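Input: a single structure, listed below in structure tokens.
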Ligand code: C5P
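In this note's numbering, the protein residues as written are 9 to 250.
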């Protein structure tokens, strides 16, 4: 049984307008001395159990060839088969890697937009497989710390007019992150049956299976808005200097 990483990086990052006129998708924006995407690739390739790292790019990607990825090493395979949505990118990627990955091998799907992932966190996910026959895979996640409010829009003509609709009890709520690890065949079947999902675990749950939650921390944030990028920069630089 082998472990493979699959990194969807075919998004445009439309919520990431940094006001600086940068036109590159967010995964290519500079972050702690290198394009964002390289941080995840370097970490995943450093995990001894991970055999190969598949990077899934948009078919018309023009930014990757400007990156120096030599430090990632020979585990990296780049595939230009991304789709219109994240789930389609993952599905296309799984179909492509199925030529070299066995049906019961483990695939760790990790967003290019989570550059602060650590080797220890990836290894904790891999080691969460305790051999129990009920283990279908798992994902990194953090227990929700804040009180959650569902917003109610009172005047759609004024988008900033938000009001509290109700409060959602946070007991038992976890925030899903990546990597998310499932067997290739199970993940392909789940995504074929439930294609419109924002993470792999949702599709696995929808076919009646229960992924394991592996506790992570909030430093494994997804860079979505400009302030996330500043936080990620601080986290990565603090590790460089320690
Ligand atoms: O946009 P969002 O932050 O949800 O994207 C999460 C990850 O999915 C990013 O790494 C992004 O590049 C990837 N993605 C993709 N194909 C898309 C949309 C997003 O690979 N069509």
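Just so it is clear, CB atoms sit at the ideal spot from N, CA and C, and this is done for glycine as well.
Since the model is a prediction, treat every value here as computed from it, not as a measurement.
Just how far apart, CA to CA, sit residue 241 and residue 142? C-alpha separation (whole angstroms): 39 Å.
With 16 other CB atoms within 10 Å as the buried threshold, where does residue 223 fall? Residue 223 should be labelled exposed.
Let me know if residue 176 comes out buried or exposed under the rule of 16 or more other beta-carbons within 10 Å of its beta-carbon. When all chains shown are included, residue 176 counts as exposed.
Which word fits residue 135, buried or exposed, when buried means at least 16 other C-beta atoms lie within 10 angstroms of its C-beta? Exposed is the call here.
Taking only runs of the alpha helix (DSSP H) that begin and end inside the region 111 to 139, which ones reach a length of at least 4 residues, in chain order? Within the region 111 to 139, the complete alpha helix (DSSP H) runs of at least 4 residues fall at 127 to 135.
Is any non-hydrogen atom of the ligand C5P found closer than 7 Å to the C-beta of residue 134, if you look at the structure I gave you? No; taking the cut-off as 7 Å, the Cβ of residue 134 has no heavy atom of the ligand C5P nearer than that.
Rounded C-alpha distance that separates residue 152 from residue 74: Near 38 Å, if we compare the C-alpha coordinates of residue 74 and residue 152.
Can you tell me where the beta strand (DSSP E) with residue 253 in it begins and where it stops? Coverage of the chain is limited to positions 9 through 250, which leaves residue 253 absent and any answer about it impossible.
Does the pairing of the region 178 to 197 with the region 119 to 126 give three or more beta-carbon distances under 8 Å? With the cut-off at 8 Å, the region 178 to 197 and the region 119 to 126 touch.
Could you check whether the Cβ of residue 85 sits closer than 7 Å to any heavy atom belonging to the ligand C5P? Look at residue 85: its beta carbon is at least 7 Å from all of the heavy atoms in the ligand C5P.
Regarding residue 94 and the ligand C5P, is the C-beta to nearest heavy atom distance less than 7 Å? Yes, the beta carbon of residue 94 sits closer than 7 Å to at least one heavy atom of the ligand C5P.
Would residue 102 be called buried (16 or more neighbouring beta carbons within 10 Å of its own) or exposed? With 16 or more Cβ atoms within 10 Å of its Cβ, residue 102 is classed as buried.
Are there any heavy atoms of the ligand C5P lying less than 7 Å away from the beta-carbon of residue 177, as far as the coordinates show? Not under cutoff, so the answer is no.
Would residue 218 be called buried (16 or more neighbouring beta carbons within 10 Å of its own) or exposed? Around the beta carbon of residue 218, fewer than 16 other beta carbons lie within 10 angstroms, which makes this residue exposed.
Local conformation of residue 155 per DSSP, three classes: It is coil, neither helix nor strand.
Would you kindly report the start and end of the unbroken beta strand (DSSP E) that includes residue 220? Secondary structure note for residue 220: its beta strand (DSSP E) is the uninterrupted segment 220 to 223.
Alpha-carbon spacing of residue 201 relative to residue 34, whole angstroms: So the two alpha carbons sit approximately 30 Å from each other.
Regarding residue 32 and the ligand C5P, is the C-beta to nearest heavy atom distance less than 7 Å? The answer is no for residue 32.
Helix, strand or coil at residue 243 according to DSSP, with G and I counted as helix: The answer is helix: DSSP assigns residue 243 an H, G or I state.
Is the beta carbon of residue 139 less than 8 Å from the beta carbon of residue 191? Remark: C-beta atoms of residue 139 and residue 191 do not approach each other more closely than 8 Å.
Does the distance from the CB of residue 17 to the CB of residue 46 come in under 8 Å? Against a cut-off of 8 Å, the Cβ pair of residue 46 and residue 17 comes out as no contact.
Which class does residue 212 belong to by DSSP, given the choice of helix, strand or coil? Assigned with DSSP and collapsed to three states, residue 212 falls in helix.
Near residue 182, which residues of its chain fall below 8 Å by C-beta distance, leaving aside the five closest residues on each side in sequence? Around residue 182: 149, 150, 151, 152, 221.
Quick one: grab the DSSP three-state call for residue 44. DSSP, reduced to helix, strand and coil, places residue 44 within a helical segment of the structure shown.
Does residue 236 come out as helix, strand or coil in the three-state DSSP assignment? DSSP, reduced to helix, strand and coil, places residue 236 within a helical segment of the structure shown.
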